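Engineer:
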Amino acid sequence: MQYFDIHPHIISDDETRYPPAPLFGKRSDWSQERPNTVEALIAAMDEAGVERAAVVHSSTTYGFDNSYVVDGCNQYPDRLVAVGSVDMLADDVCDVIRGWADKGLAGLRIFTGGSTKDFDPKELDDPRSFKAWDLLGELGLAMCIQTGPIGLPQVAMLAKRFSNVAIILDHLGRPDVLDGPPYTNAARLFDLATLPNIYLKLTPRIFGDVKKGQASADTFFPKLVTVFGADHLAWGSNFPTSPGTLSEIKSEAEAGLASLSDADRGWIFGGTARKLYPTLAD
């Protein structure tokens, strides 16, 4: 089993070279309490047995400045690729995307809310962003979307309109799974399975949620595989945003997916990441 992580973060310890400028004006607590340099990430990956990673830019630390995630990943081109963020509504967004891609950016992410701001999905279906989505298809870059259930209609619209762009839903879109089988409360998530360019990130949030209420790992994850296919699911650690060492986070994911076949777990822990970020496989 090869382990590829598609959702760790890195924070520089040099604020002069990489000054914080958080999106929405509020810096995340985790980035101050548990900062993690690229060197520390590589050490954690070595300890945990994680071979490669697609490192996600911290919007709540650096806004739209992808300098550290790009520079950090370029130090370890055999282990890491960078996933950045841009202002999708800016007039020059296409030039900005091309510029970052030339520097090594392997994918993008839209952060519509999270720990520092409630979700606001209105930018997702803003027509000003559509030229950027067209460019993503041209360049073959995947797009991660951070939103909650409120944004799933917009995600579905984008997946239909830009069917040549792989869309990765961070944290599964934060579904409510506490009602347990047949997981009726998460119906809007499962409805997305008809769209072949939708992919889902399995992060510590869902591994924790399936231990609550009527949910269980042994009923939820097999259904997720049946509906979406394991080749549309990928593991992301959310390290160090989520508490714990990378080894502990990986072990929780392994325990949560223990009921799946080796083939399915092979896709989730590595195979799907290679599809989404081909340079990781290289």
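276 is the number that UniProt numbering gives to position 276 of the sequence shown; each next residue is one higher, with no gaps.
We put the beta carbon where it would ideally sit given N, CA and C, even for glycine.
No experiment lies behind these values; they were computed from the predicted model shown.
1) Can you tell me where the alpha helix (DSSP H) holding Tyr62 begins and where it ends?
2) Between Gln2, Lys26, Val38, which lies nearest to Ile11 when the distance is taken from Cα to Cα?
3) Using the three-state DSSP reduction, which class does Ala258 fall into: helix, strand or coil?
4) Buried or exposed for Ser237, going by 16 or more other Cβ atoms inside 10 Å?
5) So the alpha helix (DSSP H) Leu224 belongs to, where does it begin and stop?
6) So for Ala273, helix, strand or coil by DSSP?
7) Can you tell me whether Gly107 is helix, strand or coil according to DSSP?
8) Are the CB atoms of Leu202 and Ala253 nearer to each other than 8 Å?
9) Under a Cβ-count criterion, where at least 16 other Cβ atoms within 10 Å of its own Cβ denotes burial, should Gly208 be classed as buried or exposed?
10) For Met143, which three-state DSSP category applies?
11) What is the residue span of the alpha helix (DSSP H) that residue 283 lies within?
Structural biologist: In short, the structure shows the following:
1) 59-62
2) Val38
3) coil
4) buried
5) 217-228
6) helix
7) strand
8) yes
9) exposed
10) strand
11) The chain is shown only over 1 to 282; residue 283 falls outside these bounds and no answer can be derived.
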